[in-house]
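Line by line, the protein sequences give chains A and B.
Read in order, the letters of the first sequence are residues 6 to 162 in the working numbering.
Read in order, the letters of the second sequence are residues 6 to 162 in the working numbering.
No residue lacks a Cβ here, since even glycine has one placed at the ideal position from N, Cα and C.
Treat the numbers as computed from the prediction; the structure is a model and nothing was measured.
Protein chains: 2
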Amino acid sequence: MTTLSDIIEKYILNTIQESNKGEILLKRTDLSGKFSCVPSQINYVINTRFTIERGYIVESKRGEGGYLKIVRIPVTETKIYLNKIQEETKSTITAEGARGFLNRLEEENIISKREKNMIWQLLKDESLPNDKDNKGYYRLKMLKNLIAYLIKEEEKK
Amino acid sequence: MTTLSDIIEKYILNTIQESNKGEILLKRTDLSGKFSCVPSQINYVINTRFTIERGYIVESKRGEGGYLKIVRIPVTETKIYLNKIQEETKSTITAEGARGFLNRLEEENIISKREKNMIWQLLKDESLPNDKDNKGYYRLKMLKNLIAYLIKEEEKK
DNA sequence: TTAGATATGGTCAAATATAGTCAGAGAAGG
DNA sequence: CCTTCTCTGACTATATTTGACCATATCTAA
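Now the structure itself:
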């Protein structure tokens with residue numbers, strides 16, 4: 006069974022393909038108009054199909070001149086490695102876990118010592134919400150976005 | 006996808022560039038005339054784009070002979086600049102404010118483009134708690150810890 | 001000297017244009 | 001059935017544009 010979400014997904018994939026830049030700009034309402042659905046369905050497609058795990062980064066802007074920007078992260082060896090690390094983490098990560106992870110990235114020469122230190126300033130307990138559970142959750146979210154970026158950068162080499 | 010505000014911003018940036026002094030004098034009504042908009046839109050552009058986080062100071066004078074003066078902050082002493090920013094930030098900072106600030110750090114060669122991008126991954130809205138008020142609070146906390154680190158590093162030189 | 005006229009710029013809230021979230025209804029597959 | 005995925009719409013968040021009203025500096029005429 007092909008759902009509307011599948012069709013929208015294919016359309017977006019196709020558009021990215023044709024762009025030859027691995028990146029596109031869309032207007033949410035244009036898309037929902039084209040497929041005669043509510044705008045929030047576009048969010049649904051993006052949230053379920055164009056995730057970091059699948060290799061996409063999505064940015065957006067609201068208001069006049071608003072847009073959706075979908076960027077494809079290309080695949081390489083490094084990406085596979087980083088993905089593996091990413092998979093190892095569960096749904097939350099402790100300060101110690103994050104620190105260990107950053108150390109590992111440094112050991113693998115994926116980031117420098119200085120970069121590690123800078124990132125640590127943002128991930129350490131003192132920087133985050135004073136909320137035991139959510140702390141680990143957001144720390145992981147931040148880390149995942151960082152990894153997605155690193156994957157994209159590695160690909161440029 | 007480009008708004009009038011973006012166009013006005015580019016025009017001002019360009020004018021500053023051409024002046025070779027990192028500083029310009031404008032008449033608000035001249036600008037609003039040039040771009041066929043209400044005068045207050047110029048204030049909007051200035052308030053959202055030429056902020057202290059992005060490295061600008063704006064002065065003005067009303068009445069006959071009134072003007073807008075936009076000054077690009079020249080930074081010679083990195084530490085002084087960092088301290089100033091740290092003092093000036095209030096109790097919260099928006100994603101845009103943080104981005105502008107990071108761009109500024111990059112322009113001043115305090116951090117690299119890569120470092121900026123990495124840090125951005127942790128500070129952007131998508132990485133933080135979905136909580137309108139606290140988002141800005143924690144973003145600022147993270148940034149301040151980063152600045153503290155950078156100041157310490159600068160001192161080592 | 002000073003009050004009023006004139007010339008600017010500033011503030012703020014409403015109107016408009018987008019996009020995001022979330023919970024619940026509906027559909028498809030086991 | 002039961003679960004999971006999809007679809008929808010009401011409500012929310014944010015960026016831009018506009019205009020009515022406010023504040024201040026300078027000039028001018030009494």
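{"Check": "Interface residues of chain A around Y184/B at Cβ under 7 Å?", "Outcome": "Absent from the structure is residue 184/B, since the part of chain B shown begins at 6 and ends at 162."}
{"Check": "Please name the residues in the stretch 52-72 of chain B whose beta-carbon is closer than 8 Å to at least one beta-carbon of chain A, in chain order.", "Outcome": "none"}
{"Check": "Could you give the residue range of the alpha helix (DSSP H) that holds E64/B?", "Outcome": "Careful: E64/B lies outside any alpha helix (DSSP H), inside the beta strand (DSSP E) at 61-66."}
{"Check": "Over what stretch of residues does the alpha helix (DSSP H) that includes S118/A continue unbroken?", "Outcome": "Before going on, a small fix: residue 118/A reads as Lys here, not Ser. Start and end: 118-128."}
{"Check": "Just the Cα atoms here: how many angstroms apart are E111/A and S117/A?", "Outcome": "6 Å"}
{"Check": "Unbroken beta strand (DSSP E) runs of length 3 or more, entirely within the stretch 7-81 of chain A: which are they?", "Outcome": "28-31, 61-66, 72-77"}
{"Check": "Check whether the Cβ of K39/A lies closer than 8 Å to any heavy atom of the ligand FAD, and answer yes or no.", "Outcome": "In the structure shown, the ligand FAD is absent, as is every other ligand, since no ligand is present at all."}
{"Check": "Which residues, in chain order, does the stretch 119-135 of chain A contribute to contact with chain B at a C-beta distance below 8 Å?", "Outcome": "R119, E120, N122, M123, I124, Q126, L127, L128, K129, E131, S132, L133, P134"}
{"Check": "Pull up the distance between the alpha-carbon of K121/B and that of T97/B, whole angstroms please.", "Outcome": "20 Å"}
{"Check": "Give the residues from the stretch 136-151 of chain A that approach chain B closer than 7 Å (Cβ to any Cβ), ordered along the chain.", "Outcome": "N139, Y143, K146, M147, N150, L151"}
{"Check": "Apart from the five residues just before and just after L31/A, which ones in its own chain have a Cβ nearer than 6 Å to its Cβ?", "Outcome": "L73"}
{"Check": "Let me check understanding here. Comparing Cα to Cα, which of Y142/B, E64/B, I21/B, K15/B lies closest to F40/B?", "Outcome": "K15/B"}
{"Check": "Rounded C-beta distance between M123/B and I75/A? I'm assuming under 8 Å.", "Outcome": "Not confirmed; about 21 Å, so no contact."}
{"Check": "Can you find a C-beta in chain A that's less than 9 Å from the C-beta of I21/B?", "Outcome": "no"}
{"Check": "Could you give the distance in angstroms between the alpha-carbon of D11/A and the alpha-carbon of R77/A?", "Outcome": "18 Å"}
{"Check": "Residues of chain B with CB under 7 Å from Y154/A, in chain order?", "Outcome": "N122, M123, Q126"}
{"Check": "Considering only residues of the same chain and omitting the five flanking positions on each side of Y61/B, which have a CB-CB separation below 7 Å?", "Outcome": "F55, I75, V76, R77, I78"}
{"Check": "Taking only beta-carbon positions, decide if I29/A is within less than 9 Å of chain B.", "Outcome": "no"}
{"Check": "Excluding the 5 residues flanking C42/B on each side, which residues of the same chain have their C-beta closer than 7 Å to its C-beta?", "Outcome": "L9"}
{"Check": "Going along chain A in order, which residues have a C-beta closer than 8 Å to the C-beta of D11/B?", "Outcome": "G70"}
{"Check": "I'd like to know whether the C-beta atoms of A103/A and L155/A end up nearer to each other than 9 Å.", "Outcome": "no"}
{"Check": "Express the C-alpha separation of R67/B and I13/B in angstroms, rounding to a whole number.", "Outcome": "21 Å"}
{"Check": "Given that E158/A touches chain B, what residues does it touch there, using C-beta distances under 9 Å?", "Outcome": "R119, N122, M123"}
{"Check": "Please tell me whether N150/B and S45/A are closer than 9 Å, where the distance is taken between their beta carbons.", "Outcome": "no"}
{"Check": "May I ask you to report which of helix, strand or coil DSSP gives S132/B?", "Outcome": "helix"}
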